[in-house]
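So the structure is just underneath, and the comments pick up after that.
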Amino acid sequence: MVLDLGFSSTQLNNSGKGFSYLIDEPLDLRYNNTVGVSAVQLIKQKTAEDLSRIIFNYSGEKMSKKIAFSLKYFISSNHNPTTLQIAEVIKKIIPLSQKKHTNKTLSRVWQALRIEVNNEFSHIEKFLPIALTKLNKNGLLGVVSFHSLEDKIVTKWMRKIVKPHEVDSFGNKHKDFQLLTKKAITPSQEEINQNPRSRSSLLRVLKKL
27 MVLDLGFSST QLNNSGKGFS YLIDEPLDLR YNNTVGVSAV QLIKQKTAED LSRIIFNYSG
87 EKMSKKIAFS LKYFISSNHN PTTLQIAEVI KKIIPLSQKK HTNKTLSRVW QALRIEVNNE
147 FSHIEKFLPI ALTKLNKNGL LGVVSFHSLE DKIVTKWMRK IVKPHEVDSF GNKHKDFQLL
207 TKKAITPSQE EINQNPRSRS SLLRVLKKL
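With the sequence shown counted from 1, adding 26 to any position gets you this note's numbering.
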């Protein structure tokens with residue numbers, strides 16, 4: 027069984043939900059727009075301090091505080107901004123010396139907002155144990171993550187799962203699972219050339235004993 031934690035190209039391209047900062051759409055970012063609040067609503071509801079914390083914690087963006095305050099100021103007079111408008115707000119505060127990294131900054135902000143809006147990490151933590159129940163003996167579970175925060179959750183969980191546990195009153199221990207990847211498997215250059223979006227993927231695998 028393979029769990030792919032990334033989202034599909036069809037979600038990114040012309041989704042109508044603002045997953046790409048290159049396409050002019052409403053900034054929603056929800057996978058299911060009948061649940062929760064949109065990214066625009068999130069920006070409106072959160073304080074600048076909370077928004078800054080979300081951006082930094084979920085992306086590591088160093089300008090998170092400046093970006094958060096700029097977004098709050100802009101949205102106070104622009105109640106339904108589109109992706110391109112939000113992107114322009116962020117672009118304007120990027121120092122000239124950092125302009126070459128503009129796309130990376132935008133990607134980090136979009137990632138952080140998307141993770142928060144969809145409560146992604148909580149869903150991952152809830153679903154991983156469910157996946158284990160579907161494995162037969164000698165079955166394999168592979169999990170593909172696409173950034174370090176996801177990989178950290180997967181790694182911590184797998185290391186916990188493979189630890190031996192006591193099975194009898196004599197203290198004899200037994201392992202139910204074996205970790206098959208000491209280090210994450212990364213894509214080959216050939217695969218990256220064929221599918222550039224795979225470049226950040228990390229695969230970890232465990233086996234049911």
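Quick reminder that beta carbons are idealized off the backbone N, C-alpha and C, glycines included.
These numbers were taken from a predicted model, which means no experiment stands behind them.
> How long is the line joining the alpha carbons of Trp183 and Val63, rounded to whole angstroms?
Replying inline: If I take the Cα positions, the gap works out to 29 Å.
>> Quick check on the burial criterion: 16 or more other C-beta atoms within 10 angstroms. Buried or exposed for Met89?
In response: By the C-beta density criterion, Met89 is buried, having at least 16 other C-beta atoms within 10 angstroms.
> Using DSSP with H/G/I as helix, E/B as strand and the rest coil, what is Arg230?
Replying inline: Three-state result, Arg230: strand.
> Between Leu205 and Val193, which are expected to be in contact by the criterion C-beta below 8 Å, what is the C-beta distance as a whole number of angstroms?
Replying inline: Taking C-beta atoms under 8 Å as the contact rule, Leu205 and Val193 fail to qualify, at a distance of about 19 Å.
> Between Gly107 and Val66, which are expected to be in contact by the criterion C-beta below 8 Å, what is the C-beta distance as a whole number of angstroms?
Replying inline: In the sequence as presented, Gly is not what sits at residue 107; that position holds Pro. Yes, Pro107 and Val66 are in contact; Cβ-Cβ is about 7 Å, under 8 Å.
> So the beta strand (DSSP E) Val115 belongs to, where does it begin and stop?
Replying inline: Looking at the DSSP string, Val115 is not in any beta strand (DSSP E); the run it does join, the alpha helix (DSSP H), is Thr109 to Ile119.
> Considering only residues of the same chain and omitting the five flanking positions on each side of Leu55, which have a CB-CB separation below 8 Å?
Replying inline: For Leu55, where only same-chain residues beyond five positions count, the Cβ hits under 8 Å are Lys43, Gly44, Phe45, Ser64, Ala65, Trp136, Leu139, Arg140, Val143 and Asn144.
>> In the DSSP output, what is Gln215 paired with across the bridge?
In response: BP columns for Gln215 are empty, so no partner.
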